[in-house]
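S.K.: Numbering (the UniProt record's numbering), first residue to last: 1 to 333.
Cβ coordinates follow ideal geometry from the N, Cα and C atoms, glycine included.
Only a predicted model underlies this, so the values are computations on that prediction, with no experimental measurement involved.
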């Protein structure tokens, strides 16, 4: 899922640094013993569990009440009542969306989840609007290159990005009664390693990392999404093969954008377009191979490089030793 952090005009020089202390992981809310069912036959793996109802939210300050994007700490503190409802609302759809920001040539991506019921609220301008889901992505925070999982409201009728491709993946229990649907809190707890019967190597949090800086660009978001998808698939929350590409009136040029069904066949693609539609309303999108760059995870975090019988499309060290070498961390001058 991004409302992006501002970027510096020129690359900052990397300097060696001591890895940061591993942050403590806190379950956002307790979880009963009810089990999820695996959505596909892609993985025969441990199951995760469903979340309990939230406690009443504490008072909210006026600035936070206007927010539409939230950090992990803000989710934990629960001081925005609308946000509390949103992250605990049941979901029935999970998708990966690629898009371009104005002036950029390389696509970005985020996760989208859709609610079973839209949430009506009054936005910062006082307009009544409906929240239909959430975007989830790694956002640059602070003055360094730290990245942290954030969520943002997806509001009905407002497109904060123009999608170039959107791939829907099977979501556990989505075809069952709403009472059995999972929530965004469930998804986040899986990513923290707090939900699901995982071995120790899969219990490190995937909600914080350090971006890599290359030619003024922050790299590593697709590494986060790749590891998220693996963790969610291992937990039986999300299927590995997408069911459909949802963006209409798009002509893909070059590499076949929707020929393969596995997540591994589309995460290494870059989508580019001049964003000008032809006389029939179609948008031309050029698709090229773009291997995934490694971000820098917290110490002792295990990066999976092969899943579902496939090698994941990571950039090889020998092809780009600067941004794929795990021995340095970029810091501001």
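#1: Report the CB separation of residue 150 from residue 273 in whole angstroms; it is logged as a contact under 8 Å.
#2: For residue 138, list the residues DSSP reports as bridge partners.
#3: Alpha carbon to alpha carbon, how far is residue 222 from residue 162? Give it in angstroms, no decimals.
#4: Going by DSSP, what residue range makes up the beta strand (DSSP E) through residue 114?
#5: Here's the rule I'm using: 16 or more other beta-carbon atoms within 10 Å means buried, otherwise exposed. How should residue 33 be labelled?
#6: Could you tell me the distance, in whole angstroms, from the CA atom of residue 37 to the CA atom of residue 126?
#7: Using 8 Å as the threshold, is the C-beta distance between residue 182 and residue 237 below it?
#8: Give me the Cα-Cα distance between residue 155 and residue 132, rounded to the nearest whole angstrom.
#9: Please report how far the alpha carbon of residue 94 lies from the alpha carbon of residue 216, in whole angstroms.
#10: Smallest Cα separation from residue 83: which of 293, 175, 160 and 120?
#11: Is the beta carbon of residue 162 within less than 7 Å of some heavy atom of the ligand ZN?
#12: In three-state DSSP terms, what is residue 195?
#13: Between residue 74 and residue 192, what straight-line distance do the alpha-carbon atoms span, to the nearest angstrom?
#14: So, for residue 169: in the same chain, excluding its five sequence neighbours on each side, which residues have a beta-carbon less than 6 Å away from its beta-carbon?
#15: Give a yes or no on whether the C-beta atoms belonging to residue 247 and residue 164 are separated by under 8 Å.
#16: Report the three-state DSSP secondary structure of residue 280 (helix, strand or coil).
#17: Which term fits residue 89, buried or exposed, when burial requires 16 or more other beta carbons within 10 angstroms of its beta carbon?
#18: Just mark residue 275 as buried or exposed, buried being the case when its beta carbon has 16 or more other beta carbons within 10 Å.
M.R.: From the atom records:
#1: Going by Cβ atoms, the distance from residue 150 to residue 273 rounds to 25 Å, so no, they are not a contact pair.
#2: 149
#3: 18 Å
#4: 108 to 122
#5: With a pLDDT of only 43 at residue 33, under 50, the local geometry of the prediction cannot be trusted, and no value is derived from it.
#6: No answer about residue 37 holds up, because its pLDDT of 46 lies below 50 and its placement is not dependable.
#7: yes
#8: 6 Å
#9: 31 Å
#10: 120
#11: You won't find the ligand ZN in this model; it holds no ligand whatsoever.
#12: coil
#13: 16 Å
#14: 94, 238, 239 and 242
#15: yes
#16: coil
#17: buried
#18: exposed
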